[in-house]
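> Sharing a structure, written as C-alpha cells. Questions coming.
Protein chains: 2
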Amino acid sequence: MTNRRPDPPAPSPSAASPGKPRKPRSSRTGRATMADVAERAGVSAITVSRAFKRPELVAPDLRTRILEVAQGMGYVPNQAASALASARSMTVAVLIPSMTNTVFVETLAGIHDVLHPRGYQLLIGVSHYSPVEEERLLRAYLQFQPDGILLTGNDHTDATQTYLAALRSPTVHMMELLDDPDCYSVGCSQFEGGHLMTRHLLERGYRRIGFAAVQLDPRTLARLDGYRQALREAGLYDPRRVLQVPEPSSLSLGAAMLDRIVDGEVDCDAMFFCNDDLAQGALFQCQRRGVRVPEQLAIAGFNDLAASAWTTPALTTVATPRYEIGHESAAMLLALMEGHSPANRRLDLGLRFVGRDST
Amino acid sequence: MTNRRPDPPAPSPSAASPGKPRKPRSSRTGRATMADVAERAGVSAITVSRAFKRPELVAPDLRTRILEVAQGMGYVPNQAASALASARSMTVAVLIPSMTNTVFVETLAGIHDVLHPRGYQLLIGVSHYSPVEEERLLRAYLQFQPDGILLTGNDHTDATQTYLAALRSPTVHMMELLDDPDCYSVGCSQFEGGHLMTRHLLERGYRRIGFAAVQLDPRTLARLDGYRQALREAGLYDPRRVLQVPEPSSLSLGAAMLDRIVDGEVDCDAMFFCNDDLAQGALFQCQRRGVRVPEQLAIAGFNDLAASAWTTPALTTVATPRYEIGHESAAMLLALMEGHSPANRRLDLGLRFVGRDST
DNA sequence: ACCGGCGAAGTTAGCGCTAACACTAGCGCC
DNA sequence: GGCGCTAGTGTTAGCGCTAACTTCGCCGGT
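Which chain is which? The protein sequence lines are A and B, in order. For the first sequence, the numbering used here gives the first residue as 1, with consecutive numbering after it. For the second sequence, the numbering used here gives the first residue as 1, with consecutive numbering after it.
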C-alpha cells in the first residue's frame, strides 16, 4: 500500500483557505487528475499524458503500469483541459437539416464510421432546413473550436459564409456539389437526378408528367430544375403541372397532394414526387381511393428509402448514395484536418436509377 | 464609423517570435480571445466574461458596447477554457441504441427542445443495442465531463454501473421505469404495453395469438412478458407461438417472419409484432401474397410510427410517448443539474392503445 | 462626518492538460 | 574517449477562461 494520506484538511471544510499551493488530490470535481495518477505511479504528469496520447513515446512496461494505476483510480482525461492546452478539440461539428429524414441519418452514420475510430466526437446540429437556424447552431458549435465542420448543401446565410471564411477550420459541404473552387464538396447532382427520372418517364411513354415539390429543401428545387429541363428538351414542359407546397414533407402531405392531383387540380398521367416520403404517401392514398398505379397514374419518388421497395406497387425512384456521401465527406475532412489536401475538391458520387412497378 | 483598425500586424506573419510576453492579439489559433476583446473595449477580461455569461452583473451600456466590440472582432468564447475554469461543460451525454429507429430520434427531439434553450449541447452516442458499446461510448463521453447523462433502458454492463456510481453526474434513464430507488427514470411500462395489446386481441376473439420478437432490444422482451402474462391469465399461452430472431428489426425481416408464419411455422390467428417496423413489413408481405388481414391473420404492432396509419389495412398498435419521454427526461435532468430534486424519481408517461383495421 | 451597504468594476490565482524544450542514460562509432 | 544519436523521462510555462476575493464610488441614514 502506498501512502494515501493527504495533507491534513483545512480547518473549515467549506471555505478553501488560500494556504499551501499543493493540493493533496482531486480537484473540486472530485475526479482524479493526471497529477494524481502521476503521483501514484511515481512519474511526472507529462508521462501520464504521453501514456494516453502518444504511447510510442513511453516505455511499454511503464505505460502499462500507468494505465493500470489510472484505471484503478477511475481516472478519465479531461477533454476540456486537453483541448485548451493542445488547441485541438477532437470534435467535428455536423449540421444537417433534419433528423427525422432518414437520408441524413444515414449520412451521419457514414460520417460517424470514419470519424469515430479516429477519436473525433460529433456535435450534431439540426437546422430544420433554416439557414438562419443553421447560423445560430454554427455559432454555438464554434465555441467548441471544432477541428472540422461538415455542412449540408450550399444554402447558407451571409453571416455563415463570413464565419467560415474567417475561420481556418476545414469545412466540407455535403450533398450538393459546389462550383466554388475554394469549397470542398461531396455529393451527387440533384439536377441530374431530376433529369434522369424525367427521362425515364418520357421513355415509358408518359407525356403529361407532373412534379410535386416541397419548398423547404433546396435540393428539391435542383431536382425540379432537372425535371424542367428534361421536359423542355422534349417540348413537353408545362408549369401548371408543378405542384409546390410550403410544408415539410410527410406521408400525409403526399396523400393530400395525391388528392389534389386526382381531383383534377393537375392534369397528368405521371407524377414525379420530389422524395420518397411524398411518393409513398401518395401510393398509400392511391390504395385507399382505388387509383390504379401505374395504369391510371404513374408515381415516382426520389432517394430510395427502405420502404419504397415494399409498397404496392413498388416505387420507382432514384437511389442517392447518402451513406457514401457521409463516409467520403468525413474522409475528405479528415484529410484536411491532418493537413493533406484531398485529390479532388468536388467529389461526385453519382446516382442510381431504380425502376420498379409504379411507373 | 468606429475605429476598426487593429494593431499593426507582427513584422513576420509566419513565425511568432518569442519576444515580449505581451502578445498583441490572438493566440496560436488565430482567434480573438477574451483578453483581446477586453483590451479593445477598455475593460478587464472578467467584465467581458460577465457580459456574456452573467449579463445582470454588468452595466447595460457597457455590456452592449462589449458585445459590439466582440462581434466586430468575430470573437467566439472558447468553450474548453470556460469548461476548465468553471467546471461546467454545458454538455449532456445522451446514449441511445439506434438512430435509424425513429422512436429514438423523436426522443432526441424532446431532449433537444428542453436542453438546447438552456444552452446545453448534446453528445449523442449510438450503442447499436450493445451494452458493451454503450460502455465504450460512455467512457469516451466522460472525457467531456458532461454535466448530465441520459441513458436508454436499464441494460448496462457492470463497468457502466460502476462509472455511474463513482460519478456524481446526474443521470436519468429513459424509456424503461427502474425500480432502483437511487435511479431516476422516465418512460412507460413496456410490460403493460404488451399486456394491453394482447388483451385487445383476446377481446377481439383471437385465441391463437403469436408474438414476433427481435432479441436485441430488452424493451421487446418486456413486451413479450406482458404478452405472456395476458395469455396465461386467459389460459391460452403456448410457447410455440413465440417467434424470436436475433437480427435487428426491419421491414424485410417483418416480411420474412410473415412468410414463416403463413408457411405454417407458427399456428396462429393473430400475430403481435414487437414493433411497427416488423408489423409493417408483415403487412406489405400480406399484400404481396394476398393474405387477407385481419380475416386470415390479424396483425398488431407497437410504437405507432407515422406510416402505421397509412398501411392497408391500417395497423393496430400501441402509441408510446417517446417525444414526451425525451422531454420529461431532459426536464428531470435539468432539475438535477441545477441542484433541485425532482418530485418523482420515476415518471410513468403511460401508453395509448390505437385500434385500427389490422385486428 | 461617519458608517454600512450595495452595485459595478478589477485582481489574483488557478482549472487540468500539453508543447517545447531540457536533460540523462546508454549505445555505437571512428 | 569524446562525439553524436536516440529513447525515455522531466521541467517550465502557458492555453483562455472564471471563482472568489478585493476595490472603488456612490447613496442614504443618523
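Note that the Cβ used here is the ideal one computed from N, Cα and C, for glycine as well. Computed from a predicted structure; not experimentally measured.
When DSSP labels each residue in this structure, what does A:Arg65 get in the three-state scheme?
If DSSP states are grouped into helix, strand and coil, A:Arg65 belongs with the helices.
> Are the C-beta atoms of B:Gly30 and some chain A residue less than 8 Å apart?
Yes, B:Gly30 counts as interfacial toward chain A.
> CA-CA distance, A:Phe211 and A:Gln280?
Approximately 15 Å, taken between the alpha carbons.
> From B:Asp365 to B:Val266, what distance separates their C-alpha atoms?
Outside the displayed span of chain B (1 to 359) sits residue 365 of chain B, for which this structure offers no information.
> Can you give me the start and stop residues for the alpha helix (DSSP H) that B:Gly110 sits inside?
Where B:Gly110 is concerned, the enclosing alpha helix (DSSP H) stretches over 102-115.
> Quick one: what does DSSP say B:Val94 is sitting in, helix, strand or coil?
It is a strand residue.
> Note down, in chain order, every chain B residue with its Cβ under 8 Å from the Cβ of A:Val105.
Here the neighbours are Met99, Thr100, Val105.
> Going by C-alpha distance, which of B:Leu347, B:Pro60, B:Cys188 is nearest B:Ala222?
It is B:Cys188 whose Cα lies nearest to the Cα of B:Ala222.
> Counting only Cβ pairs nearer than 8 Å, list the residues of chain A close to B:Ser89.
Ordered by position in chain A, the residues that pass the 8 Å Cβ test against B:Ser89 are Ala80.
> Would you call the CB atoms of A:Ala109 and A:Gly326 closer than 8 Å?
Result yes, Cβ atoms of A:Ala109 and A:Gly326 sit closer than 8 Å.
> Can at least three beta-carbon pairs, one atom from the stretch 124-135 of chain A and one from the stretch 96-105 of chain A, be found at a separation below 8 Å?
Yes, they touch.
> Have a look at B:Ala387 and B:Tyr184 and give me their C-alpha separation to the nearest angstrom.
The question about residue 387 of chain B has no answer here: the residues shown for chain B are numbered 1 through 359.
> What do you get for A:Ile261, buried or exposed, if any count of 16 or more other CB atoms within 10 angstroms of its CB means buried?
Buried, since its Cβ has 16 or more Cβ neighbours within 10 Å.
> Take the Cβ of A:Gln71 as the centre, count every other Cβ of all protein chains shown within 10 Å, and call the residue buried at 16 or more, exposed below.
A:Gln71 comes out exposed.
> Using a Cβ cut-off of 8 Å, pull out every chain A residue sitting near B:Gly281, in sequence order please.
Simply Trp310.
> Spatial neighbours of B:Cys286 within its chain, please: C-beta separation below 6 Å, excluding the five flanking residues on both sides.
Here the set comprises Val293.
> Check the DSSP bridge columns for A:Met271 and list the partner residues they point to.
Answer is A:Gly210, A:Ile299.
> Let me confirm a value: B:Arg40 is counted as buried when at least 16 other C-beta atoms fall within 10 Å, else exposed. Which label applies?
Counting Cβ neighbours within 10 Å, B:Arg40 comes out buried, since at least 16 surround it.
> Among the residues of its own chain, which have a CB less than 7 Å from the CB of B:Val291, if the five just before and after it don't count?
For B:Val291, where only same-chain residues beyond five positions count, the Cβ hits under 7 Å are Val262, Leu297.
> Could one say the Cβ of B:Arg168 lies closer than 8 Å to chain A's Cβ atoms, at least one of them?
B:Arg168 counts as touching chain A.
> I want to verify the contact list: residues of chain A whose CB lies under 7 Å from the CB of B:Ile46, in sequence order.
Neighbours of B:Ile46 on chain A: none; closest Cβ ~18 Å, over 7 Å.
> For A:Gly125, write down the residues that DSSP places opposite it in a beta bridge.
A:Gly125 pairs with A:Leu95.
> Using beta carbons (cut-off 8 Å, strictly below), is B:Ile149 in contact with chain A?
By this cut-off, B:Ile149 is not an interface position.
> For A:Leu283, which of helix, strand or coil comes out of DSSP?
Helix at A:Leu283.
> Taking the DSSP output, what are the residues bridged to B:His173?
B:Leu151, B:Ser185.
> With DSSP as the reference, label B:Ala143 as helix, strand or coil.
Before going further, note that residue 143 of chain B is Gln rather than Ala in the sequence given. DSSP places B:Gln143 in coil when its eight states are reduced to three.
> State whether the stretch 296-312 of chain B contacts the stretch 334-345 of chain B, with contact taken as three or more CB pairs (one from each stretch) at a distance under 8 Å.
No, the stretch 296-312 of chain B does not touch the stretch 334-345 of chain B.
> Would you grab the beta carbon distance between B:Ala166 and B:Glu135 for me? Rounded to a whole angstrom, and I think it's under 8 Å.
The Cβ separation is near 13 Å, so there is no contact.
> Assuming A:Asp225 and A:Gly194 make a contact with CB atoms under 8 Å, what is their CB distance in whole Å?
Indeed, because the Cβ distance is near 6 Å, the residues count as touching under 8 Å.
> Could you tell me which uninterrupted alpha helix (DSSP H) segments, each at least 4 residues in length, are contained entirely in the stretch 314-353 of chain B, listed from first to last along the chain?
If we require 4 residues or more, the alpha helix (DSSP H) runs fully inside the stretch 314-353 of chain B come out as 322-337.
> Quick one: what's got a C-beta closer than 6 Å to A:Arg199's C-beta in the same chain, skipping five residues either side?
Once the five neighbours on either side are set aside, the close Cβ partners of A:Arg199 are Ala230.
> Based on the DSSP output, what are the partners of A:Leu243 in its beta bridges?
Answer is A:Ala212.
> If we cut at 8 Å on Cβ distances, does B:Ile124 have a partner in chain A?
Yes, contact with chain A.
> With H, G and I counted as helix, E and B as strand and the rest as coil, what does DSSP make of B:Asp217?
Of the three classes helix, strand and coil, the one that applies to B:Asp217 here is coil, per DSSP.
> Using 8 Å as the limit for Cβ to Cβ distance, is A:Gln143 near chain B?
Yes, its Cβ sits closer than 8 Å to a Cβ of chain B.
> Which residues of chain A have a Cβ atom closer than 9 Å to the Cβ of B:Val291, listed in chain order?
Near B:Val291 there are no residues of chain A at all, since even the closest Cβ is about 13 Å away, more than 9 Å.
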